[in-house]
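Undergrad: Protein chains in written order, with the working numbering: chain D, 871 to 1128; chain H, 786 to 1133.
Got a structure for you, written out below as structure tokens; questions coming shortly.
Given below as structure tokens:
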């Protein structure tokens, strides 16, 4: 059986800097998989490699048996991979509804000419897309802001819109890059609840980069730790938390050990 | 204070507007536009035709620059392509105008691929320079490809007939321009509320996020170039019908600047803004003329001597004033007024 998402020997160099070095990991379908590590460990670079924003220097990334490293970035949404960004990447002049509708892009078919006429199939599929978007708005509890331009919303709300946009892709694999950074306790708990709902109700696989250890330890099925671009540990949350290499990476090694 | 009204069907959500007030207002405006030539004199009708053509051109440019965020200074070039295609097909090949008019759009769209492909990796100022270079290249091609374009001599355009009417003057010209403008505006509104328009806005606001959401940047940027140039080409063809003579002086660089001025002062990305801007800027020179006429005869001759300088300065002042004071343009001004009105007497 081919793995759901499998990275092997993935390396990314930027000039002389090795951001990711020989990383291999396997994500099972239906898992909540967390990637953690100190600042600058290469987590976001790894994310950009998986979502085909960057190309790896070497190594392979297989999603359901397909090599993502050979695909253009825009082909991933159709395969069922969606992501959010660490720093907001919303379409800030557009309304929440329009942001979410962009996520539906690959589910719609109309070309410029049929769009100009906006009749028959185009109108029907726009209505279906709109219905789906309303479901997501309902799920994320953002009904009251649906017609606001996203640029006018608070940081936490914009993050939520970004999550909604990723959900509109109807992904099998959802990549979340530091979803809860900069959020208050209540917002964090909401996001954690959404992620668990996605896994339990829709069977979505969630792969997240996260700094917030509370969330990582609470909801992850599997945790992988990277430091200086290398994988240093992985396993169940409790195992990883007890791993001496991980404690060293976060707190610094004891002088006597050196 | 007005409270929100509720939508009961999804059809209402995707409609252009489900408000009776808006549709009645549009119907009223359209009715006014239909009776206008019977009320106004010939000169005013000519002015309105220019405004309608400016609307077509501005809506076209707005798709590329306002919606997709690709700045173009090549507007004059695409207008020239449209005008020359229409003139050559009509006069040298004897095509009827109902065929040569859309053909002008198609040729402009095809040529836009030539400038679009090298521009795919460029943004902002670099793209502006590339499109500017394109306008100059078109200029040279028209001057030197005499076998096709009659070079510096230009082409007289006459005998465009539709349903037996000469559509190059008076009321038939006005109604032709009105029909084209109405169709273009409607099509543009539709594209903007479809996946195509949303993909363009996504590219403008965040191109990496757009790619991750499955938008093929190359394809959608080319779509933007092609749809925009198609419309601008048709505007060019209308110009050739109205002024009855095309030569290269008609499509000077100032046209590109004027087109940008229209969409900036209207409000970038908004079709209603492009319409307002086009009307405002095509009637502005007239307002200035009236201003000089009213005050004295000596000023009037001063105006006729320096008409181009005065216009150029006015465009500049208008662009600077709007960018400084109201970057959202006329449409932003309108939204403010509407908000004030619907919330009155409360402050917000």
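C-beta atoms are modelled at their ideal positions from N, C-alpha and C, and glycine is treated no differently.
#1: Identify whether residue 881 of chain H lies in helix, strand or coil by the three-state DSSP scheme.
#2: Which residues in the same chain have their Cβ closer than 7 Å to the Cβ of residue 934 of chain D, if we skip the five residues on either side of it in sequence?
#3: Where does residue 786 of chain H sit, in a helix, a strand or coil, going by DSSP?
#4: Out of H/841, H/958, H/1089, point me to the one whose CA is closest to residue 945 of chain H's CA.
#5: Below 8 Å CB to CB, which residues in the same chain sit around residue 1029 of chain H once its five sequence neighbours on both sides are set aside?
#6: Residue 959 of chain H versus chain D: which residues are under 7 Å apart at the beta carbon?
#7: Within the same chain, show all residues whose beta-carbon is closer than 6 Å to that of residue 1113 of chain D, passing over the 5 residues directly before and after it, in chain order.
#8: Buried or exposed: where does residue 1121 of chain H fall if 16 or more other Cβ atoms within 10 Å of its Cβ makes it buried?
#9: If you run the structure through DSSP and keep just helix, strand and coil, what is residue 1086 of chain D?
#10: Based on Cα-Cα distance, which residue from H/796, H/975, H/1125, H/1002 lies nearest to residue 906 of chain H?
#11: Using Cβ-Cβ distances below 8 Å, what residues of the region 928-939 of chain H are close to chain D?
#12: For a test of the three-state rule: what should DSSP assign to residue 903 of chain D, helix, strand or coil?
#13: Going by the CB atoms, is the gap between residue 997 of chain D and residue 807 of chain H shorter than 7 Å?
#14: Based on Cα-Cα distance, which residue from H/1013, H/1019, H/1099, H/1052 lies nearest to residue 858 of chain H?
#15: In whole angstroms, what is the alpha-carbon distance linking residue 923 of chain H and residue 1026 of chain H?
#16: Check the Cβ of residue 973 of chain D against every Cβ in chain H and list those closer than 9 Å, keeping chain order.
#17: List the residues that DSSP assigns as beta-bridge partners of residue 965 of chain D.
#18: Could you tell me which of H/1092, H/1059, H/1063, H/921 sits nearest to residue 1075 of chain H, measuring between CA atoms?
#19: Using only the alpha-carbon positions, how far apart do residue 1058 of chain H and residue 968 of chain H sit?
#20: Give me the chain H residues within the contact set of residue 923 of chain D, using Cβ-Cβ distance strictly less than 8 Å, ordered along the chain.
#21: Tell me whether residue 1082 of chain D is buried or exposed, calling it buried when 16 or more other Cβ atoms sit within 10 Å of its Cβ.
#22: So, does the CB of residue 988 of chain D fall closer than 7 Å to a CB anywhere in chain H?
#23: 7 Å is my cut-off, CB to CB: does residue 944 of chain D come that close to chain H?
#24: Please confirm if residue 1008 of chain H has its CB atom under 7 Å from at least one CB of chain D.
#25: Pop quiz: residue 1005 of chain H and residue 988 of chain H are said to be a contact at Cβ under 8 Å. What is the actual Cβ separation, rounded to whole angstroms?
#26: Inspect the CB distances between the region 928-940 of chain H and the region 1039-1046 of chain H and report whether three or more fall short of 8 Å.
#27: If you measure beta-carbon to beta-carbon, which residues of the region 946-977 of chain H are closer than 7 Å to chain D?
#28: Under 7 Å, Cβ to Cβ, is there at least one residue of chain H near residue 976 of chain D?
#29: Terminal residues of the continuous beta strand (DSSP E) containing residue 952 of chain D?
#30: Looking only at C-alpha atoms, which of D/1119, D/1054, D/1111, D/1093 sits nearest to residue 895 of chain D?
#31: Check this for me: beta carbons of residue 1020 of chain D and residue 1003 of chain D, under 7 Å apart or not?
#32: Considering only the alpha carbon of each residue, which of D/1074, D/926, D/915, D/1095 lies closest to residue 950 of chain D?
#33: Would you call the region 863-871 of chain H and the region 891-906 of chain H touching, i.e. three or more CB-CB distances under 8 Å?
#34: Is residue 899 of chain D buried or exposed, if buried means 16 or more other CB atoms sit within 10 Å of its CB?
#35: Under a CB-based cut-off of 7 Å, is residue 986 of chain H close to chain D?
#36: Sort out for me which residues DSSP pairs residue 1078 of chain D with in a bridge.
TA: Based on what the coordinates show:
#1: The residue given as residue 881 of chain H occupies position 96 in the second chain. Coil, per DSSP.
#2: Translated into positions along the first chain, residue 934 of chain D becomes position 64. Excluding positions up to five away in sequence, the list reads 872, 874.
#3: In the second chain, residue 786 of chain H corresponds to position 1, counting from 1. A caution first: residue 786 of chain H carries a pLDDT of 40, below 50, which makes its placement in the model too unreliable to give a value.
#4: What you label residue 945 of chain H is simply residue 160 of the second chain in a count that begins at 1. Of the candidates H/841, H/958, H/1089, the one whose C-alpha sits nearest the C-alpha of residue 945 of chain H is H/958.
#5: Counting from one through the second chain, the residue named residue 1029 of chain H turns up at place 244. Cβ neighbours of residue 1029 of chain H beyond the five flanking positions: 941, 942, 943, 953.
#6: In the second chain, counting from the first residue as 1, residue 959 of chain H sits at position 174. Within 7 Å Cβ-Cβ: nothing; residue 959 of chain H doesn't reach chain D, min ~24 Å.
#7: For the purposes of this step, residue 1113 of chain D is taken as the residue at position 243 of the first chain. Excluding sequence neighbours, residue 1113 of chain D sits near 1103.
#8: In the second chain, residue 1121 of chain H corresponds to position 336, counting from 1. So residue 1121 of chain H counts as exposed.
#9: The residue given as residue 1086 of chain D occupies position 216 in the first chain. Looking at residue 1086 of chain D - three-state DSSP - the assignment turns out to be helix.
#10: Numbered from its first residue, the second chain carries residue 906 of chain H at position 121. Of H/796, H/975, H/1125, H/1002, the residue nearest in Cα terms is H/1002.
#11: none
#12: Walking along the first chain from the start, residue 903 of chain D turns up at place 33. Of the three classes helix, strand and coil, the one that applies to residue 903 of chain D here is strand, per DSSP.
#13: As a first step, residue 807 of chain H is located in the second chain; it is residue number 22 there, counting from the start. As a first step, residue 997 of chain D is located in the first chain; it is residue number 127 there, counting from the start. Not a contact, by the Cβ cut-off of 7 Å.
#14: Reading the second chain from its first residue, position 73 is the one you call residue 858 of chain H. When only C-alpha atoms are compared, the closest one is H/1013.
#15: Residue numbering aside, residue 923 of chain H sits at position 138 when the second chain is read from its first letter. Residue numbering aside, residue 1026 of chain H sits at position 241 when the second chain is read from its first letter. C-alpha separation (whole angstroms): 20 Å.
#16: Working through the first chain from its first residue, we reach residue 973 of chain D at position 103. Per Cβ cutoff of 9 Å: 998, 999.
#17: As a first step, residue 965 of chain D must be located in the first chain, where it is residue number 95. Answer by DSSP bridge pairing, in chain order: D/1019.
#18: The residue you call residue 1075 of chain H lines up with position 290 of the second chain. If we check each option's Cα against that of residue 1075 of chain H, H/1092 comes out closest.
#19: For the purposes of this step, residue 1058 of chain H is taken as residue 273 along the second chain, with counting starting at 1. For the purposes of this step, residue 968 of chain H is taken as residue 183 along the second chain, with counting starting at 1. Cα to Cα, the separation comes out at about 17 Å.
#20: Position 53 of the first chain, counting from 1, holds the residue named residue 923 of chain D. The answer, in chain order, is 993, 996, 997.
#21: Taking the first chain and counting its residues from 1, the one referred to as residue 1082 of chain D is at position 212. Classification for residue 1082 of chain D: buried.
#22: On the first chain, residue 988 of chain D is found 118 positions in, with the first residue counted as 1. Cβ-Cβ to chain H under 7 Å: yes for residue 988 of chain D.
#23: Within the first chain, residue 944 of chain D is the residue found at index 74, counting from 1. Residue 944 of chain D counts as touching chain H.
#24: Numbered from 1 along the second chain, position 223 holds the residue referred to as residue 1008 of chain H. By this cut-off, residue 1008 of chain H is an interface position.
#25: The sequence position of residue 1005 of chain H within the second chain is 220, counting from 1. The sequence position of residue 988 of chain H within the second chain is 203, counting from 1. About 6 Å; that satisfies the 8 Å criterion.
#26: no
#27: 972, 975, 976
#28: For the purposes of this step, residue 976 of chain D is taken as the residue at position 106 of the first chain. Chain H, which has a Cβ nearer than 7 Å to the Cβ of residue 976 of chain D, makes this yes.
#29: Mapped onto the first chain, residue 952 of chain D falls at position 82. Looking at the DSSP string, the run of the beta strand (DSSP E) that includes residue 952 of chain D is 951-953.
#30: The residue you call residue 895 of chain D lines up with position 25 of the first chain. The residue with the shortest Cα to Cα distance from residue 895 of chain D is D/1093.
#31: Indexing the first chain from 1 puts residue 1020 of chain D at position 150. Indexing the first chain from 1 puts residue 1003 of chain D at position 133. It is not a contact, given that the beta carbons lie outside the stated cut-off.
#32: Counted from its first residue, the first chain places residue 950 of chain D at position 80. For residue 950 of chain D, the nearest C-alpha among the options comes from D/1074.
#33: yes
#34: Looking up residue 899 of chain D in the first chain gives position 29. Looking at its Cβ environment, which holds fewer than 16 other Cβ atoms inside 10 Å, residue 899 of chain D is exposed.
#35: Numbered from 1 along the second chain, position 201 holds the residue referred to as residue 986 of chain H. Closer than 7 Å: yes.
#36: The residue labelled residue 1078 of chain D in the question sits at position 208 within the first chain. Looking at the DSSP assignment, residue 1078 of chain D forms a beta bridge with D/904, D/1046.
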